[in-house]
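Those protein sequence lines, which keep their order, are chains Y and X.
Residue 1 is where the first sequence starts when you use my numbering, and the numbers rise one by one after that.
Residue 1 is where the second sequence starts when you use my numbering, and the numbers rise one by one after that.
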Amino acid sequence: MTEPALPLAGLRVLDISSFIAAPAAAVVLGDWGADVIKVEGPEGDPNRRIMHDSANYPTADVNYPWEMDSRNKRSLALDLKKPEARAALDRLIATADIVICNFPPLVRDRLRLAYDDLKAVNPRLIYASLTGYGEEGPDRDRPGFDATAYFARSGLLDAQRYEGGPPGVPGPAQGDRATAMALVSSILMALIHRMKSGEGSWVGTSLLGNGLWSCGVIAQAALVGAFLAPRPPPDRPRSALGNIYRTSDDRWLQLTIVREDKMWAPLARAVGHPELIDDPRFAMVDERRRNSAALATVLREAFAGRNYVHWLAALSKAEITFGVISRPQDVPDDHQAVACGAIVETAIPDMPRTLSNPIRLGFAEQRIAHPAPALGQHNEEILREAGLSASEIAALRASGAMT
Amino acid sequence: MTEPAEPLPLEPLPLEGLKVLDISSFIAAPVAAVVLADYGADVIKIEPPDGDPHRQNWKNAGYPRSNVNFPWQLDGRLKRSLALDLKNAEARGVLEKLIARADVMIVNFPPPARERLRLRWEDIEPINPRLVYCSLTGYGETGPDRDRPGFDITAYFGRSGILDAGRYEGAPPAISLPGQGDRATAMTLVAAILLGLRRRDQTGKGGWVGTSLYANGAWANGTTMAGAAIGAKLPPRQPPDKPRNALTNLYRTRDDRWLQLLVVRDDRLWVTLCTAIDRPELATDPRFTDREERKARAIELHGVLAPVFASRTYAEWESALAKTGIPFGVIGRVADVVDDEQAVHAGIFADTTNPEVPRTVNNPIRLGFAKPRVSGPPAAVGQHNDEILRELGHSDAEIAALKKAGVMG
């Protein structure tokens, strides 16, 4: 299963988790060589169906989110509510290095999958736990999703809105995937600890903690009583030259003119309004700030008159600084996205390209993505590896604990 | 985790004994060094004589107004500062001594500056082949934009499509917050460094590790991106009054808060929801009996639910929904979060010993066997010059000579 040159080769990971943040951490470990076994209930991880269940997912014929979040994993389908399944799982846990779990604490206790339960089976085990809101406290058992725990509860969405507008809206799984990297880091710290002490441990993180970490600047400001003023909408910006404008084809340009004294005249010419240069309302920085709404109106109409491609060329020619607001569909064909290793090829015929994880190592390449497993595809193989005999496997089937 | 009931484990911190050189500026790369320091590493920040420009960011118009340098507490904590003018030829000797004894070095110069300063991995490897050399770029180590300075708003958010994907239909692009993508990227850098250390333990060899803001933005936007890579149809985001799914939507409450309903498993939770909001008759309403109908009539269903949610305060909804298993949340305000009991339980904030900034934000990693270090005031530029040079074996006379040569600015 694994290639010896990869830094996590030889490690066995049980991904007993669902949806995205925790399984994505298992993906990253698998990318770097770990043997990842996904343990699913008889109905499978609901993430197998999320593209159909969520209206906010891009739709396609290929189940791309499942392929991405399950690449290079093997699947074992067990009904953990049945004692026979639980006993079989213990045999597997005894052979594992890492368990990743995202059941809320109550469910963990009910399934006897709390750290103390598993430590008794395998004291060298690293137990990585992902929760929405932490391991303790009034909301510890609340199911957490990235939209609620990472983005909403942390204050991110409230801070990401224009004055008077609705809260910001996160992309699907945006916080989950960022959180996965914190979970990976915590697991790697535990491996260092195990190497030194010979002992396993509990490690973990929460979506809420990661959301607050990412908005750490404003959270730290709030801790000293400082708050961000709401962002004025683009039709009445603080500065019309540090503002966003819509083009005729519904793209957006982000003007970021810092050297106004130098760039004001070239800008006025580039937008086809040379008369603005001598307009007393916009003569100097102070006047332009004071009349920013009027200036924004002129610029808004000008930018709306031509398409995005025109403006890219016109602004570049005049050496006017602006930021590119890419559309997601532009990124896969962006040479730089390939150059930075974000977009990679797969061995999956109907999904030839995917996203690699953002870690780059000079001494190893991530494994190429192979198709995600069907539910229970590797039942026999995995249980045999865990030392179950053919008759034990047959008995497990007969009990209904595994199909 | 909150304070455990049992006594604190007395094991050493996992990164104790590790020597880290943070030769980076601004946020993403220095924050990775903070996380290593939180868990025990000895971090030396090498700054130009006028300091990391991030020391001045708190005065930036995009930052909340304050009379204390709060971001520097967050991103400069637990580091020692050595002010070194890397352009001064005589600084090289000091730097190479530091590199020779370091385990990890973090840089974020764009490739041309790295080359000019002879700080590329191939320049450093001969000095210390066991070093884990970590670089952060805006857009990657190769390619047409590799030398372009990258900030999180441009490289992580703008270029990756996050700002475009995060806008409501017909509305302007989404907004990102100061350092938001930087801090997420830092956790990837930490993982990359730890993988480098693991490999060193296995083989005795150091090596290059790194990441880019662009790749991290694309990763965060990965679901949408993976769809885009196979030509999936990308749905625009409907504003809250025209949802595509009324059960995963925002509702304004009577006290002008926004409640975020996130009933993904409405196959299981529809009846529960109707009961919880005191509208049991909806459960048998033929317009909304199954998932497909609820989705097809999303705007109609929103028309039913919006006045229901607007009739009570968020606190009332909180108690009505809390025990039902229905996923929901409030659009939190940062002002509330700092006093959120759950945030305390989740170990999100920490006390400092710096009276000016008495509380700070913990990094999100929790370990059962160790607690992050408590931070004091962050170092002034060059505060530890003499101490560090003495550790390198320089005599007082040598230190004086270095200062005279302008090496420390």
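Beta carbons are placed, not taken as given, at the ideal position from N, Cα and C, and that holds for glycine.
Keep in mind that this is a model prediction, so the values were computed, not measured.
Fewer than three Cβ pairs drawn from the stretch 213 to 228 of chain Y and the stretch 271 to 286 of chain Y lie within less than 8 Å of each other, which leaves the two stretches out of contact. For A173/Y, there is no enclosing beta strand (DSSP E), as DSSP marks it with neither H nor E. For N102/Y, the three-state secondary structure derived from DSSP is coil. Its chain contains S248 as the residues whose beta carbon lies nearer than 7 Å to that of G305/Y, once the 5 sequence neighbours on both sides are disregarded; these appear in chain order.
If you draw a straight line from the Cα of A386/Y to the Cα of L189/X, it comes to about 34 Å. Your pair P378/X and W58/X does not check out as a contact, with CB atoms roughly 12 Å apart and the cut at 8 Å. In the structure shown, G134/Y adopts coil according to DSSP, grouped into three states. The beta carbon of F19/Y sits closer than 6 Å to the beta carbons of N47 from its chain, once the five residues preceding and following it are set aside; these are given in chain order.
Residue state for D351/X is assigned as strand, using DSSP reduced to three classes. In the structure shown, K38/Y falls within a strand segment according to DSSP collapsed to helix, strand and coil.
Among the residues of chain X, none has a CB under 9 Å from the CB of Q366/Y; the nearest is roughly 11 Å distant.
Excluding five sequence positions before and after D255/X, the CB atoms of its chain that fall closer than 7 Å to its own CB belong to T313, Y314, given in chain order.
In the displayed model, V20/X falls within a strand according to three-state DSSP.
For D15/Y, the three-state secondary structure derived from DSSP is strand. Among the CB atoms of chain Y, one or more fall inside 7 Å of the CB of F369/X. With fewer than 16 other Cβ atoms inside 10 Å of its own Cβ, G303/X counts as exposed.
In the displayed model, D334/Y falls within coil according to three-state DSSP, outside both helix and strand. Within chain X, no C-beta atom comes less than 8 Å from the C-beta of V258/Y; the nearest is roughly 12 Å away.
Contact check for V107/X against L119/X passes: the beta carbons are separated by less than 7 Å. In this model, Q342/X and G155/Y are separated by some 14 Å (Cα to Cα). Of all C-beta pairs linking the stretch 273 to 283 of chain X to the stretch 28 to 37 of chain Y, fewer than three are shorter than 8 Å, placing the two stretches out of contact. For I44/X, the uninterrupted beta strand (DSSP E) segment begins and ends at 42 to 47. The stretch 51 to 61 of chain Y and the stretch 362 to 369 of chain Y do not touch, with fewer than 3 CB-CB distances between them shorter than 8 Å.
For the stretch 339 to 355 of chain Y, the set of positions with a beta-carbon nearer than 7 Å to some beta-carbon of chain X reads A339, C340, G341, A342, I343, M351, R353, T354, L355 in chain order. Y162/Y sits in a strand when the DSSP states are folded into three classes.
Taking the CA atoms as reference points, A296/Y sits about 19 Å from A318/Y.
Any Cβ of chain Y closer than 7 Å to the Cβ of V357/X would place that residue at the interface, and such an atom is present. The stretch 107 to 156 of chain X contains, as complete beta strand (DSSP E) runs of 3+ residues, the segments 132 to 137 (chain order). For G303/X, there is no enclosing beta strand (DSSP E); the residue is part of the alpha helix (DSSP H) that begins and ends at 298 to 310. Flagged as an interface residue toward chain Y: W208/X, by a C-beta distance shorter than 7 Å. By the neighbour-count definition (other C-beta atoms within 10 Å, threshold 16), T205/Y is a buried residue.
E141/X has its alpha-carbon roughly 40 Å from the corresponding atom of V264/X.
Under DSSP, the beta-bridge partners assigned to E345/Y are R353/Y. Residue range 292 to 304 is occupied by the alpha helix (DSSP H) that includes F303/Y. Nearest in C-alpha terms to G207/X, of all of P173/X, R130/X, R116/X, is R130/X. Judged by beta-carbon spacing, P358/Y lies beyond the 7 Å limit of L195/X, meaning their Cβ atoms are not closer than that value.
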